[in-house]
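First residue of the sequence shown: 1, per full-length UniProt numbering; consecutive thereafter.
Reviewing the structure listed below.
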Amino acid sequence: MSFVSIFKNRTGIEKEIDSFLNLASESGLIFVQGIDSYLMNKIDAFTEHLNHIVQTEKQADLLRHSIEDLLYRKTLIPESRGDVLELIERMDALLGRFKGVMFRVEIERPAIAPKFHEDLKILVNCVIQAVEAATLALRAYFKDITQATDHIHKVSFWETEADRATTALQKAIFNDDELGLDLKMQLRDLSKSIDKIADQAEDLGDSLAIYVIKRSL
C-alpha cells in the first residue's frame, strides 16, 4: 500500500507536506546564492540571503508543527506516524544546518582566498545535491514509494562526493604556506560544518531506507 492510498482524500496534509519539502529545496538554493554572494564580497546580498533562509526555516517550522498536529488530531496513519514524524523532523533539522552555516559565516567573516573558491563551490554543490536527493526520496516515500530507493542511493553517492570535496579543500588549505594556522583552522572548521549537512542528509536517507522496507513488508 502506498502513501497515496493512505492519504486518499487527505489533500490538506498532502499539500502541507509538499509545501514543507518545497521549502527544503528552496533553502538549498538560497544557501548556494548566499555563499556565492559572500565569495564575491557582496555582503549586502549575503545578508539578504541569510534573512531569507531564516524566514524560510520559520515557515518550515510552522508547517512541521501543522503536519504533526494533523497526524495526531486526525489520527492519520497510526501505524507509520512515528516514522513520518521522525523523517519530517530530520528534514527540518537539515534546514537548520543551512541557516547555521550562514550565521557562522556572518559572525566569523572568514577570509576565503579566490584560490579556494572553486573547491568550496564543489563542496557546496555536492551538499546541495545530497539534500535535494533526500528531499526527492522523502517526496517519493509519500507519493510513489517505488522511486524512493533510487533517490536514497543518490543521497549516499553525493555524501561520498562531499567527503572527497572536503578532503581536497582541506588539503589545499593546509598545504598553503601563506596562511596562518588560525585561518587554516577556521577554514577547516567551516568546510566540516558544510560537509556535516551532507552527513545529516545521509542519516535521513538511511532511516528512510529502513522505513521503505517496513512499508514493503
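Using N, Cα and C, we set each Cβ at its ideal position, and we do this for glycine too.
Environment of Gly205 [buried if 16+ CB atoms lie within 10 Å]: One-based indexing of the sequence shown puts residue 205 at position 205. Counting Cβ neighbours within 10 Å, Gly205 comes out buried, since at least 16 surround it.
Span of the alpha helix (DSSP H), counted from its first residue to its last, around Ile67: Here the question's residue 67 lines up with position 67 in the sequence shown. Residues 43–73.
Beta-carbon within less than 7 Å of Glu159's beta-carbon, same chain only, minus the 5 sequence neighbours each way: which residues are those? Residue numbering aside, residue 159 sits at position 159 when the sequence shown is read from its first letter. Excluding residues within five positions, the ones whose Cβ falls inside 7 Å are Ala130, Ala198, Asp199, Ala201, Glu202.
Shortest alpha-carbon distance to Ile145 belongs to which of Leu208, Asp195, Leu183? As a first step, residue 145 must be located in the sequence shown, where it is residue number 145. Of the listed residues, the one whose Cα sits closest to Ile145 is Leu208.
Would you call Ala165 buried or exposed, if buried means 16 or more other Cβ atoms sit within 10 Å of its Cβ? Within the sequence shown, residue 165 is the residue found at index 165, counting from 1. Answer is buried; the Cβ neighbour count reaches 16.
Ile40 - DSSP class collapsed to helix/strand/coil: Walking along the sequence shown from the start, residue 40 turns up at place 40. Note on identity: in this sequence residue 40 is Met, with Ile being the wrong assignment. Of the three classes helix, strand and coil, the one that applies to Met40 here is coil, per DSSP.
Look up Ala111 in the DSSP assignment and say whether it is helix, strand or coil. As a working note, residue 111 is residue 111 in the sequence shown. Coil, per DSSP.
Other residues of its chain near Leu138: CB distance less than 7 Å, five sequence neighbours each side excluded: Mapped onto the sequence shown, residue 138 falls at position 138. Closer than 7 Å at Cβ, skipping near neighbours: Leu21, Leu87, Met91, Leu208.
Considering only C-alpha positions, which residue in the set Asn175, Phe157, Ser66, Ile112 is nearest to residue 228? Residue 228 is absent from the structure shown; the chain starts at 1 and stops at 217.
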